[in-house]
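To start, the structure itself, in structure tokens.
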Amino acid sequence: MPTTLGELSETANRNLREVISNTLMPDDAREQSVVVRQLADLVRHLQTTLESAGERPRRANPGPATHLATAQSALRRAAGRLPTLDDEIAALHHDTPLARAVQATAAVQDLIASHRGRDGNPVTPYALAFTERPARAYLVHRSAELAWGAARVAQALAETVTSDATAAQLYVTRGCLDHASVFGRAADGARNRAIEVFPLVPPLDPRPALPTDTTAGISAHLADDCERLSRTAFEALHGRGEPGLSGSDVQQLARWRAMSDLLSGRTLLHAASCTDPHTAEALREAAGRLRTAAQAWQQTAARWHRVVDLSDPRVHPKLPLPSYDLARSGQFARMPRTPPHPALITAHAHATRIGQLLYGMAWNPETMGRPVQRDAREVLADAGGLAGLTQTLYRVAATGWQLAAAMPVVVRRIESTLVTDNIDHRPSEAVHRFYPLPRHQTGRLAERYEHVMGAEQAAAAGILRTAPHTGMDTARARLDSAAHRRIRSDQPWLPIDMTAEQQSGTTQPSARAARSRSTTVAAPSRRPTAEGASPSWLRESGAPQQPQRSQGRRT
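Shown next as structure tokens:
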């Protein structure tokens, strides 16, 4: 699964607990120097995290950032009293639990920075999450947990060093980190727990779906595809991103989104065949809404049938062959060949991966013949159980909503380069087959995406309502709710009956839902061979555990 803010914080906490409980502090002064410098790096990364949350050192009413700054100064003084860093010794501590904790803490900043471009401007709607106090409180609280663990490491090291002056600085560090932990935990009541699933945005470079991939890795690749498409939608919504989407890209993107939603619905229907009746009913309802969303995308793509973008005429109606005289006189030129937008390649790979999950790795959209579905239990096992499958397919619908919200902006941006050969609206003064697209036709193209947005939101809501039966974690939906309000403030994202859940946190799943989260649902069976698919099918209608203070004497 993709890396999230909560996963990175838990990795750092787990490694710090391992340092405290299982690792003895070194006796050699050179090794102690490495530990002090690693601890200083950890505190420095915590400082940077708090700065991104708006917490900075201050003299009056000092907070956690102030105490971290003091601890950092004490660690620098302690490092100055120890031997200089030895590369050979440092290499031995490169993969220790403390080093892994430092790496995970540093990765938090990389994760947050992935939502902004080189100029600092947001590239996803989630980048603005930390402008709200509850989200910043979450960062402060997790930093406080790590500060508590770092304080225990500093104390253990202070009991080991032979120099009283060095020990004094380490005890100062311990005290400051304890204070930072106490002040940071005071923000617990206001924190937004949905920030735990704050995702990493991978580079926009598409990763094609290959038949050599494993079915167990499809869910992770689908999640990365969704983050790439989400970034593309947000940049298009704000007129940023190079290259921009063209008319050919928009038309083909709608077709691949239609296939993704249709395959997602078929996957839910297939999974419903091995569940209890109540769960199956909820899955079938969600599948029906996904099918409706697929039809909305397909109908939108059909509106582009007689429309050509002069800046990228890659998709155009079939043109007659030029006459001999026209070709000889040099008045004929072939259509330019332009590369597709990276988002189009990602959308193609996204649809292919859903089909591979359902039909096997040999499947692709161009395969002829009727596909044979894999065993439903194998599909669920590869998707991470029923809860994992619904979470993945929810992201498909949520990303489709973001793309549909951005498409009207794209249409208005490229309006001046759109032409058509539709005879129904051809002006009488036109002298060529193609003429500029009338403004009312451009408006109809943009309005069509409103229907797609409604269908995708209904599909996402239908999947979310399966949570009591499937055990699906709705934290990402709560994060999306805040992000999508910045895109369309008049269209709340969560269903009305889940508003209370957004305030109180994730509901407790039933025993049936807990069983559905298990990934060990597959029984040994033979996979049927995939026969492929025909393209014509698109016409178918808890608080973290804190480390315990070590009772043994460290030497």
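Here the sequence shown is numbered in the numbering used here, starting from 14 and rising by one per residue.
Built from N, CA and C at the ideal position, the CB exists for glycine as well.
How far does the alpha helix (DSSP H) with residue i in it reach, from first residue to last?
| i | result |
| --- | --- |
| residue 399 | 398-426 |
| residue 195 | 177-198 |
| residue 263 | 260-285 |
| residue 56 | 42-65 |
| residue 32 | 18-35 |
| residue 298 | 290-315 |
| residue 86 | 77-93 |
| residue 107 | Where residue 107 is concerned, there is no enclosing alpha helix (DSSP H), given that its DSSP letter is neither H nor E. |
| residue 98 | Note, residue 98: premise wrong, no alpha helix (DSSP H); not H, not E. |
| residue 362 | 355-372 |
For residue i, which residues of its own chain have a beta-carbon under 8 Å away from its beta-carbon, when the five flanking residues on both sides are left out?
| i | result |
| --- | --- |
| residue 357 | 262, 265, 266 and 269 |
| residue 31 | 110 |
| residue 194 | 77, 157, 158, 160, 161 and 164 |
| residue 94 | 176, 178, 179 and 182 |
Along the chain, where does the beta strand (DSSP E) that runs through residue i open and close?
| i | result |
| --- | --- |
| residue 431 | 431-433 |
| residue 322 | 320-322 |
Roughly how many angstroms lie between the CA atoms of residue i and residue j, to the nearest whole one?
| i | j | result |
| --- | --- | --- |
| residue 325 | residue 319 | 14 Å |
| residue 298 | residue 314 | 25 Å |
| residue 165 | residue 495 | 37 Å |
| residue 112 | residue 51 | 7 Å |
| residue 110 | residue 28 | 5 Å |
| residue 86 | residue 153 | 20 Å |
| residue 20 | residue 209 | 8 Å |
| residue 413 | residue 372 | 22 Å |
| residue 47 | residue 184 | 18 Å |
| residue 181 | residue 53 | 16 Å |
| residue 472 | residue 162 | 43 Å |
| residue 104 | residue 355 | 40 Å |
| residue 226 | residue 396 | 14 Å |
| residue 443 | residue 449 | 9 Å |
| residue 363 | residue 245 | 14 Å |
| residue 431 | residue 353 | 17 Å |
| residue 488 | residue 206 | 8 Å |
| residue 17 | residue 451 | 46 Å |
| residue 436 | residue 139 | 45 Å |
| residue 79 | residue 497 | 35 Å |
| residue 427 | residue 322 | 8 Å |
| residue 24 | residue 155 | 12 Å |
| residue 470 | residue 380 | 31 Å |
| residue 273 | residue 33 | 48 Å |
| residue 98 | residue 233 | 39 Å |
| residue 391 | residue 317 | 39 Å |
| residue 116 | residue 211 | 18 Å |
| residue 81 | residue 173 | 23 Å |
| residue 204 | residue 57 | 23 Å |
| residue 493 | residue 37 | 44 Å |
| residue 306 | residue 292 | 21 Å |
Could you pull out every residue in the same chain whose Cβ sits closer than 6 Å to the Cβ of residue i, ignoring the five residues on either side in sequence?
| i | result |
| --- | --- |
| residue 283 | 386 and 389 |
| residue 377 | 365 |
| residue 143 | 149 |
| residue 559 | Note on residue 559: pLDDT 40, under 50, position unreliable in the model; the coordinate value appears next. Hits under 6 Å: none found. |
| residue 485 | 400, 403 and 404 |
| residue 303 | 274, 277, 278 and 472 |
| residue 224 | 374 and 375 |
| residue 70 | 78, 79 and 82 |
Who are the near neighbours of residue i in its chain, counting only those whose CB is closer than 7 Å to its CB and skipping five residues on each side?
| i | result |
| --- | --- |
| residue 215 | 237, 240 and 241 |
| residue 434 | 319, 330, 446 and 447 |
| residue 508 | 474, 477 and 478 |
| residue 89 | 53 |
| residue 198 | 154 and 157 |
| residue 171 | 180, 183, 184 and 187 |
| residue 72 | none |
### 4-residue-minimum alpha helix (DSSP H) runs that sit fully inside the stretch 111-162, ordered along the chain
none
### Residue ranges of each alpha helix (DSSP H) within the stretch 201-231, 4 or longer
none
### Query
At which residue ranges does the stretch 423-511 contain complete beta strand (DSSP E) runs of 3 or more residues, listed in the order of the chain?
431-433
### Message
For the structure I just gave you, are there three or more beta carbon pairs, one from the stretch 470-483 and one from the stretch 121-132, closer than 8 Å?
### Response
no
### Touch test, the stretch 113-123 against the stretch 58-66, Cβ-Cβ under 8 Å, three pairs minimum
yes
### Message
Three or more C-beta pairs under 8 Å: does that hold for the stretch 415-430 against the stretch 243-258?
### Response
yes
### Message
Under 8 Å: do the stretch 443-456 and the stretch 400-410 share three or more Cβ pairs, one atom per stretch?
### Response
no
#### Entry: contact_flag[the stretch 424-442, the stretch 278-294] where n(CB pairs < 8 Å) is 3 or more
no
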